[in-house]
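Counted the way UniProt numbering counts, the sequence shown spans residues 1 to 235. Just so it is clear, CB atoms sit at the ideal spot from N, CA and C, and this is done for glycine as well. Below: one structure, written as structure tokens.
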Amino acid sequence: MRSAWAVNSDTLIHLKGSADKPIEASCVLYSQLFDDFVILETETSSGAIEVTTEPLEPLDLRAWQGRCGYKVKVKYRSPTKRMGAFQENIRICVLDTKTTQTEWIDLPVQGTIGNPLVFHGPDLDAEGLDLGTVEVGDSKEWSFFVRFRTETEVSEAIVADIAPQGLTAVLEPVKRVKNTFRVTIKLTEDVKPQRFYFDRQGYIEIANGANPEQSDWMPLSGQIITPATKGLVGR
Numbered sequence: 001m002r003s004a005w006a007v008n009s010d011t012l013i014h015l016k017g018s019a020d021k022p023i024e025a026s027c028v029l030y031s032q033l034f035d036d037f038v039i040l041e042t043e044t045s046s047g048a049i050e051v052t053t054e055p056l057e058p059l060d061l062r063a064w065q066g067r068c069g070y071k072v073k074v075k076y077r078s079p080t081k082r083m084g085a086f087q088e089n090i091r092i093c094v095l096d097t098k099t100t101q102t103e104w105i106d107l108p109v110q111g112t113i114g115n116p117l118v119f120h121g122p123d124l125d126a127e128g129l130d131l132g133t134v135e136v137g138d139s140k141e142w143s144f145f146v147r148f149r150t151e152t153e154v155s156e157a158i159v160a161d162i163a164p165q166g167l168t169a170v171l172e173p174v175k176r177v178k179n180t181f182r183v184t185i186k187l188t189e190d191v192k193p194q195r196f197y198f199d200r201q202g203y204i205e206i207a208n209g210a211n212p213e214q215s216d217w218m219p220l221s222g223q224i225i226t227p228a229t230k231g232l233v234g235r
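Written out as structure tokens, the structure reads:
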């Protein structure tokens, strides 16, 4: 049976991207019955979506046996900086020019926004980085890598914040890998004995020096003890 209106909208429900760059996708809206129809208007569920349409030639519709159709271009810009799933909707009002029949067609737009940065290294796990137990005055260092998920070149990365007090970090670009930096953490000379956990007690936040909003943080855990006692300290 031929369809009055149909859409190959699978391309709009598995979108993936990052918070700093719009996600662009498209689908085809077509009719197997009507020789000519027009799009009267479009509506979106939020201002995060932009929609444009352009008519297609009959040859472009052969795969769907369409007689008339439009390419629907969608641009989604995440309103948040953090990762997570999103679900939006587009409504398109179409008009058959011969019968003046109109109809609203709903197009779901779904996908996932990934973190703007990726932390990776052999000492990292799903919870973050465990520094273990170290003594005040220890010269041990912990290193890992951070990569910015963007096509724009990141020339400078900065340590936006690090906790608890007594930890410091430096960044060095990895010359052969675009937008990737080596992060090295060590103790400061005035560090105090303390214990910190995988939450906002211990963390490091890295940001793009040219665009500080492009940032993310990773949890840190560990305990720092006094050499004389070798004992655990309380929270």
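Item	Value
Is S139 helix, strand or coil when you go by DSSP?	coil
P193 to P164, Cα distance in whole Å?	11 Å
Can you tell me the Cα-Cα spacing of D10 and D106, whole angstroms?	13 Å
If we call anything under 8 Å between Cβ atoms a contact, is I162 one with A19?	no
Taking just the CA atoms, how far does K73 sit from S26?	4 Å
State the beta-bridge partners of G222 as determined by DSSP.	F196
Do you know whose CA, among I158, T52 and I185, lies nearest T42's CA?	T52
Closest to P122 by C-alpha separation, out of F144, L61 and N211, would be which residue?	F144
For S45, which three-state DSSP category applies?	coil
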